[in-house]
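Asks: Remember, this note's numbering sits 151 above the position in the sequence shown when you count from 1. All C-beta atoms in this analysis are idealised placements derived from N, C-alpha and C, irrespective of residue type, glycine included. Since the structure is predicted, the reported quantities are computational estimates derived from the model, not experimental observations. Just passing along the structure, written as structure tokens.
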Amino acid sequence: MVQRDGRTSFTAVMSNNRTKERTFFQHAGANAYYGEEHIDWDKLDVNIFHIGYILLLPHLDEPDAQYGTKMARLLDRAQKAGMKTSIDVVSESGERFQKLVTPALRYTDYCIINELETQQTTGVCLRDEDGTLHVENMKAALQKLHELGVSTWAVIHCPELGCGMDADGSYYEFKSLRLPEGYIKGSVGAGDAFCAGVLYAAETGMTLPEALKLGACTAAASSPPSAHISTSVPHFSPSDSRASMLAALTSLAAVRKVILTGARPLTSFASSPAGRACMPLGAVIVTFCDVI
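Structure follows, in structure tokens:
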């Protein structure tokens, strides 16, 4: 479904070439009006319903007397329709996380967010102001996400590693790939690519450790191509990592069982060889895509 109304949403990304850090300036535009009423549930033949971003969809972030937020109500409806639900959260400073993210977690099957978003949601310290990462606290943070309602996989990603906990409480880690000096030109989109890899793994019946591995590889594949990728992971060919990971992702076009609805243009999906991608034209409220 595409609805044209209002002004086009856009995001300006300011990236530091030295530190690779970036700041986003986002204009919500028509996305500010996106809500449950824009979804035709009868036409959704999908297994996974992924929505992003909490904190960037003002209408869905509004209070709901029964569910806490309208986003939580939306996710509950998706679950009742037989879909697994997945959420994404935008990184920001402020106190909105526990108010807006926590209600949604009660209706979330897959939560895949970064360490800063997890820290603000759970209150568990994962990274100090000086940049120190507390890997020893990851398990506690993941346990907290499950306690808040995540049913299946809680996953945290950061530059150093990805880690996750399944419904049985089993904890797994996968360290980031060792890439050549200068390989990474910017980190914009790496978190989204990691999330895509994990969701693809979930859709195709992989285990959580396999999902973390695939997420790390898709994040690396989202960077500019390089001749060599070095990794100590056994049974994985460094030479064909980029090609194999991208092939795995684009194969979702044939599966057609994942739906992604987002708060920004999905231009990176427009070149899918299967032609399944949908990108906004003009002012668009809702963007659906069944290719990740």
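Are the CB atoms of D239 and D343 within a distance shorter than 9 Å?
Replies: Residue numbering aside, residue 343 sits at position 192 when the sequence shown is read from its first letter. Residue numbering aside, residue 239 sits at position 88 when the sequence shown is read from its first letter. Yes, these two residues count as a Cβ contact at 9 Å.
Asks: Only counting the same chain, and skipping five residues up and downstream in sequence, which positions put a Cβ closer than 6 Å to that of G219?
Replies: Residue 219 sits at position 68 when you count from the first residue of the sequence shown. Around G219: P254.
Asks: Any chance you could list the alpha helix (DSSP H) runs of at least 4 consecutive residues sitting entirely within the stretch 249-319, in chain order?
Replies: Taking only runs of at least 4 residues, the alpha helix (DSSP H) segments lying wholly in the stretch 249-319 are 266-273, 289-298.
Asks: Whose C-alpha, out of G313, D319, R169, is nearest the C-alpha of A370?
Replies: For the purposes of this step, residue 370 is identified with residue 219 of the sequence shown, where counting begins at 1. Cα-wise, what sits closest to A370 is G313.
Asks: Out of T303, S302, T272, C309, point me to the one whose CA is closest to G282's CA.
Replies: Residue numbering aside, residue 282 sits at position 131 when the sequence shown is read from its first letter. The option with the nearest alpha carbon to G282 is C309.
Asks: Pick out whichever of A179, D212, T159, F175 has its Cα sitting closest to the Cα of S166.
Replies: Here residue 166 corresponds to residue number 15 of the sequence shown, with the count starting at 1. Answer by Cα proximity: F175.
Asks: Tell me the residue span of the beta strand (DSSP E) that contains M165.
Replies: Position 14 of the sequence shown holds residue 165. Looking at the DSSP string, the run of the beta strand (DSSP E) that includes M165 is 161-166.
Asks: Would you call W192 buried or exposed, if buried means 16 or more other Cβ atoms sit within 10 Å of its Cβ?
Replies: As a working mapping, residue 192 is identified with position 41 in the sequence shown. The residue in question, W192, is exposed, as its Cβ has fewer than 16 Cβ neighbours within 10 Å.
Asks: I'd like the list of long-range same chain contacts for V241, defined as Cβ closer than 6 Å, with 5 residues on each side in sequence excluded.
Replies: As a first step, residue 241 is located in the sequence shown; it is residue number 90 there, counting from the start. The residues are Y204, L206, L207.
Asks: In the DSSP output, which residue or residues are listed as bridge partners for T174?
Replies: If you number the sequence shown from 1, residue 174 lands on position 23. Per DSSP, M165.
Asks: Can you find the residues in the same chain that come closer than 6 Å, C-beta to C-beta, to M316, ignoring five residues on each side of it along the sequence?
Replies: Sequence index remark: in the sequence shown, residue 316 carries index 165 (1-based). So the qualifying residues of the chain are L293, A305, Y322.
Asks: Going along the chain, which residues of its own chain have a beta-carbon closer than 6 Å to the beta-carbon of E213, five neighbours each way excluded?
Replies: Translated into positions along the sequence shown, residue 213 becomes position 62. Closer than 6 Å at the Cβ level, and outside the excluded window around E213, lie K221.
Asks: When the Cα atoms are used, what is the spatial distance from R329 to A362?
Replies: Against the sequence shown, residue 329 aligns to sequence position 178. Against the sequence shown, residue 362 aligns to sequence position 211. Roughly 18 Å between the two C-alpha positions.
Asks: Spatial neighbours of S327 within its chain, please: CB distance less than 7 Å, with the 5 preceding and 5 following residues excluded, ordered by chain position.
Replies: Taking the first residue of the sequence shown as 1, we reach residue 327 at position 176. So the list reads P310, E311, L312, A367, once near-sequence residues are dropped.
Asks: How many Å lie between D279 and L359 at the Cα?
Replies: Walking along the sequence shown from the start, residue 279 turns up at place 128. Walking along the sequence shown from the start, residue 359 turns up at place 208. Looking at the two C-alpha atoms, the distance is approximately 27 Å.
Asks: What did DSSP end up calling G366 once you bin it into helix, strand or coil?
Replies: Mapped onto the sequence shown, residue 366 falls at position 215. Residue state, collapsed to three classes: helix.
Asks: How big is the Cα-Cα spacing for V286 and R158?
Replies: Your numbering for residue 286 matches position 135 in the sequence shown. Your numbering for residue 158 matches position 7 in the sequence shown. Approximately 42 Å between the Cα atoms of the pair.
Asks: Determine the DSSP secondary structure at G340, reduced to helix, strand or coil.
Replies: Translated into positions along the sequence shown, residue 340 becomes position 189. Residue state, collapsed to three classes: coil.
Asks: Within 10 angstroms of the Cβ of T170, are there 16 or more other Cβ atoms? Answer buried if so, exposed if not.
Replies: Taking the first residue of the sequence shown as 1, we reach residue 170 at position 19. Looking at its Cβ environment, which holds fewer than 16 other Cβ atoms inside 10 Å, T170 is exposed.
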